[in-house]
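Protein chains: 2
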Amino acid sequence: MPVTAEPTASTKREEILEAAEAMIRTRGYNAFSTRDVADAVGIKAASVHYYFPTKADIGSAVTERYTARFIDELGDSGRFEGKPKEAVARYVDAFRRALVHDRKLCLCAVLGAEVGGLPENVSGHTRIFFERNLNWLTAAIRGKGMSKEKALGMATLVLASLEGAMILSKSLNDDEVFERVAEGLSRAIPVAELD
Amino acid sequence: MPVTAEPTASTKREEILEAAEAMIRTRGYNAFSTRDVADAVGIKAASVHYYFPTKADIGSAVTERYTARFIDELGDSGRFEGKPKEAVARYVDAFRRALVHDRKLCLCAVLGAEVGGLPENVSGHTRIFFERNLNWLTAAIRGKGMSKEKALGMATLVLASLEGAMILSKSLNDDEVFERVAEGLSRAIPVAELD
DNA sequence: GTCTATAATTTGATAGAC
DNA sequence: GTCTATCAAATTATAGAC
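Sequence order for the protein chains is H and R. The first sequence begins at 1 in the working numbering and counts up one residue at a time. The second sequence begins at 196 in the working numbering and counts up one residue at a time.
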């Protein structure tokens with residue numbers, strides 16, 4: 001295996017996706033151009049179209065890749081069977097990493113907010129991100145004896161809270177906002193188990 | 196008082212703000228143009244600049260107006276003293292109206308998600324929206340004997356959940372998602388009061 | 001694969017007539 | 001107040017050379 005100069009994106013194609021993702025997560029889909037991406041990876045705008053015919057194709061590939069990575073990092077939802085608190089803690093950590101480590105919003109919080117102004121293949125993959133996350137969370141939260149409706153309700157609250165928390169934290173430029181939401185969730189979850 | 200053709204926007208200036216708000220809440224700030232707004236209100240793009248020198252001025256005025264209207268509709272936060280459940284129910288209703296009646300996201304959910312791609316006066320007013328909402332909610336939730344930190348924690352969770360719930364509902368095209376979050380909140384709140 | 005050149009369109013904004 | 005005319009810049013994309 002050769003030593004590469006870019007540890008995080010080994011091919012130009014991936015460098016493009018990496019740069020585009022960073023820009024979308026910072027400014028939104030309609031605030032970056034193929035030129036911006038080209039500059040960021042050191043090629044000309046026309047060359048970007050060699051890898052992706054249209055801008056929408058970039059957005060679509062970015063979202064697909066983001067979703068796969070995110071779900072993959074969560075790991076097997078089955079291991080939390082009957083331990084909703086741990087499942088939620090694990091999930092909160094994934095979002096905290098995105099906000100604190102990357103200093104950026106969740107890609108799909110941004111795309112979801114702009115959904116009426118997106119090409120169809122981008123909004124479609126945004127929807128899939130949310131569906132897969134609700135599926136993972138519902139499975140991870142649900143224990144024996146807990147109804148599927150109840151688990152889905154908790155999962156939806158967790159996902160919505162965290163996406164909103166990221167937006168609030170960024171807008172107010174205060175990571176503490178995210179932590180307040182995380183703490184509020186950890187209080188709410190065990191209680192909801194009881195009834 | 197004369198009968199007007201437009202019950203919701205009596206002057207051209209307000210028509211512009213109304214149209215711009217609708218577009219931002221649907222597509223995002225960077226996906227509408229002064230021409231789009233001009234078309235919507237039946238004038239030429241150049242005439243829009245008579246009312247607002249720059250596009251950023253439109254965005255800023257839209258956000259200021261939205262914030263004032265939203266806080267105004269909530270009414271006096273003092274009347275919920277010691278009744279957090281009722282305060283939150285009232286607040287949830289305000290968001291539900293925006294989503295179900297307007298069929299649109301909260302303006303500041305959209306702007307907050309795009310915050311890195313906004314002119315400074317627009318991101319500034321977005322921040323103010325969130326600050327004023329947290330202030331209102333904290334005051335409405337807090338009863339005698341409840342610490343300010345605790346009320347602020349609940350307020351942050353409520354605001355984040357609802358902003359996130361709108362994004363999820365729109366992306367998944369399912370109002371039930373919002374209702375699941377609303378129900379989850381109403382379970383979480385009374386419990387949090389106890390300790 | 002990457003480039004230059006170029007095209008068609010859109011965008012935010014201004015000048016000045018009416 | 002609203003218009004026409006106009007502009008410079010940006011944007012998405014294509015054609016074709018190297």
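Note that the Cβ used here is the ideal one computed from N, Cα and C, for glycine as well.
Taking DSSP as the reference, what is the three-state secondary structure of residue i?
i         : result
Asp267(R) : helix
Thr351(R) : helix
Ser342(R) : coil
Met196(R) : With a pLDDT of 48 at Met196(R), under the threshold of 50, the modelled position of that residue is not reliable, and the figure given next carries that caveat. Met196(R): coil per DSSP, three-state reduction.
Lys170(H) : helix
Pro53(H)  : coil
Arg298(R) : coil
Glu309(R) : coil
Glu179(H) : helix
Glu18(H)  : helix
Pro84(H)  : helix
Thr206(R) : coil
Arg382(R) : helix
Phe32(H)  : coil
Ile141(H) : helix
Ile253(R) : helix
Gly237(R) : coil
Asp390(R) : With a pLDDT of only 49 at Asp390(R), under the threshold of 50, the placement of this residue in the model should not be trusted; the figure read from the coordinates follows. Asp390(R) falls in the coil class under three-state DSSP.
Glu6(H)   : Per-residue confidence for Glu6(H) stands at a pLDDT of 47, beneath the threshold of 50, marking its modelled position as unreliable; no derived number is given.
So the candidates are the options; which of them puts its Cα closest to the Cα of residue i?
i         : options                                       : result
Lys83(H)  : Tyr51(H), Ala113(H) and Met146(H)             : Met146(H)
Asp189(R) : Leu380(R), Lys339(R) and Arg285(R)            : The requested residue 189(R) does not occur in the structure, where chain R is confined to residues 196 to 390.
Arg65(H)  : Leu118(H), Gly184(H), Ala22(H) and Thr34(H)   : Ala22(H)
Met154(H) : Tyr50(H), Glu131(H) and Ile189(H)             : Ile189(H)
Asn30(H)  : Leu111(H), Leu74(H) and His101(H)             : Leu111(H)
Thr392(R) : Leu152(H), Leu137(H) and Leu172(H)            : With chain R running from 196 to 390 in the structure shown, residue 392(R) is simply not present.
Ala235(R) : Gly223(R), Lys207(R) and Tyr245(R)            : Lys207(R)
Val353(R) : Leu380(R), Trp331(R) and Glu374(R)            : Leu380(R)
Asp102(H) : Arg187(H), Glu18(H), Glu14(H) and Ile141(H)   : Glu18(H)
Glu344(R) : Arg180(H), Glu149(H), Ile141(H) and Leu137(H) : Arg180(H)
Trp331(R) : Asp231(R), Gly270(R) and Phe227(R)            : Gly270(R)
Arg274(R) : Phe325(R), Ile336(R) and His244(R)            : Ile336(R)
Is residue j closer than 9 Å to residue i when the C-beta atoms are compared?
i         : j         : result
Phe247(R) : Ile219(R) : no
Thr221(R) : Val177(H) : no
Met361(R) : Phe290(R) : yes
Pro119(H) : Ala38(H)  : no
Glu114(H) : Glu309(R) : yes
Leu168(H) : Ala355(R) : yes
Ser77(H)  : Ala139(H) : yes
Thr54(H)  : Ala45(H)  : no
Gly319(R) : Gly28(H)  : no
For my contact list, residue i and residue j are in at a C-beta cut-off of 8 Å; report their separation, rounded to the angstrom.
i         : j         : result
Ser255(R) : Asn316(R) : 4 Å
Lys170(H) : Leu105(H) : 6 Å
Glu281(R) : Gly338(R) : Between Gly338(R) and Glu281(R) the Cβ distance is about 11 Å, and since that is not below 8 Å, they are no contact.
Asp370(R) : Val283(R) : The pair is not a contact, with the Cβ atoms about 19 Å apart (cut-off 8 Å).
Val62(H)  : Ala109(H) : The Cβ separation is near 14 Å, so there is no contact.
Val287(R) : Ala377(R) : 5 Å
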